[in-house]
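Structure first, commentary second.
In our numbering, the protein residues as written are 16 to 140.
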């Protein structure tokens, strides 16, 4: 078994599955080099794993970029909201000032309306 293990094939070192196949032989119903059911060989699995890892890393980068953009948008929206709150406060203050001016104007109008009949009577005399 050690002698077989040291042998190299054109694809590289012999793995455990290939050693078992050489020593134990093949069983009826087995698919060559696949056992009872098809299994990917280890080099393909490693390659496939590497590809999957690369895809996952790309997805992580994309997700991080999207998160960064979303965070920047949140900052922009937060600043806009802050500015809008300031505008609302200024409008409220302006509205209160306008209401006070209107009340003062109504009071003056009421005073004039009260004084006007007396003035008219006095001026006719």
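Think of the CB as a built atom: it goes at the ideal place given N, C-alpha and C, for glycine as much as any other residue.
Checklist entry - Would DSSP call residue 31 helix, strand or coil? => result helix
Next on the checklist: Just to confirm the assignment: which complete beta strand (DSSP E) runs, minimum length 3, are found wholly within the segment 70-107?
Outcome noted: none
Item to check | Distance between residue 105 and residue 97 (C-alpha atoms, nearest Å) | outcome: 13 Å
Checklist entry - Using the C-alpha atoms, what's the distance from residue 72 back to residue 85? => result 20 Å
Checklist entry - How long is the line joining the alpha carbons of residue 117 and residue 82, rounded to whole angstroms? => result 51 Å
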